[in-house]
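S.K.: Counting from 1482, one number per residue, gives the positions in the sequence shown under the working numbering. The following block contains the structure, expressed as structure tokens.
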Amino acid sequence: MRTEPAPIPFHQPWQYELSFPCDPRSPRIARTTLRAILAAHQLDELSYRAELLTSELATNSVRHTKGPAAVRLHWLHPVLRISVWDMSPDLPKPLRKAVSVYDEEGRGLAILELVADRWGGCAMGEGPYGPGGKTIWFELAVTDGLPTKVLAGAPALRRERRSS
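Spelled out as structure tokens, the structure:
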């Protein structure tokens, strides 16, 4: 009889990665995948902000580069870090002026600044497999330790949380 592995406990680290082509459908696929992962790990409270920022970064990758891109989610309780990599080594230009709601472009860094708990990026030099590209990342933290669903369904975690 085959038994399924136990789900990863809420406080344990995990990581997922989705690679996608330079295709206008890719940001939607990235958002849908992200939403499914966060729901499966009971991180719904982060979903709206994570989807907004991931969509912004994935859309920029598709619009401004010619090659593939990737989204990586890395959970290290209580912080979710999402990184978007693409083949362009060019980092976004620093935000220099106030952004209007009527501007059609140039709002990405303002959105990151307002919505993410932390964010940053780095360009990677030429490597043995070609151009290294760049990674832009952001972090979102769970505000209250453990979601209510997790606490209700896990008495051992509930006791651990009370004692700390």
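Even for Gly, the Cβ is constructed at its ideal location relative to N, Cα and C.
Whole angstroms are fine: how far does the CA of His1492 sit from the CA of Thr1513?
M.R.: If I take the Cα positions, the gap works out to 24 Å.
S.K.: Which residue from Ala1517, Arg1483, Val1552 and Lys1547 puts its Cα closest to that of Thr1616?
M.R.: Checking every option, the nearest Cα to that of Thr1616 belongs to Val1552.
S.K.: Can you name, in chain order, every residue of its own chain whose Cβ lies under 7 Å from the Cβ of Ser1644, other than the five neighbours on each side?
M.R.: Unreliable positioning characterises Ser1644 in this predicted model, as indicated by a pLDDT of 35, which lies under 50. The coordinate reading is nonetheless provided below. There are no such residues.
S.K.: Enumerate in chain order the residues of its own chain whose CB-to-CB distance from Ile1592 is below 8 Å, with the five nearest sequence positions on each side excluded.
M.R.: Taken in chain order, the residues that qualify are Leu1533, Leu1534 and Glu1537.
S.K.: Could you please give me the residues that DSSP links to Asp1567 through a beta bridge?
M.R.: In DSSP, Asp1567 forms a bridge with Ala1550 and Lys1615.
S.K.: Thinking C-alpha only, which one of Val1543, Thr1624 and Leu1590 is nearest Leu1561?
M.R.: Cα-wise, what sits closest to Leu1561 is Thr1624.
S.K.: In the DSSP output, what is Ala1591 paired with across the bridge?
M.R.: Answer by DSSP bridge pairing: none, since Ala1591 is not bridged.
S.K.: Which of helix, strand or coil does DSSP assign to Ala1622?
M.R.: Strand at Ala1622.
S.K.: By how many angstroms is the C-alpha of Pro1559 removed from the C-alpha of Val1543?
M.R.: Those two C-alpha atoms are separated by around 30 Å.
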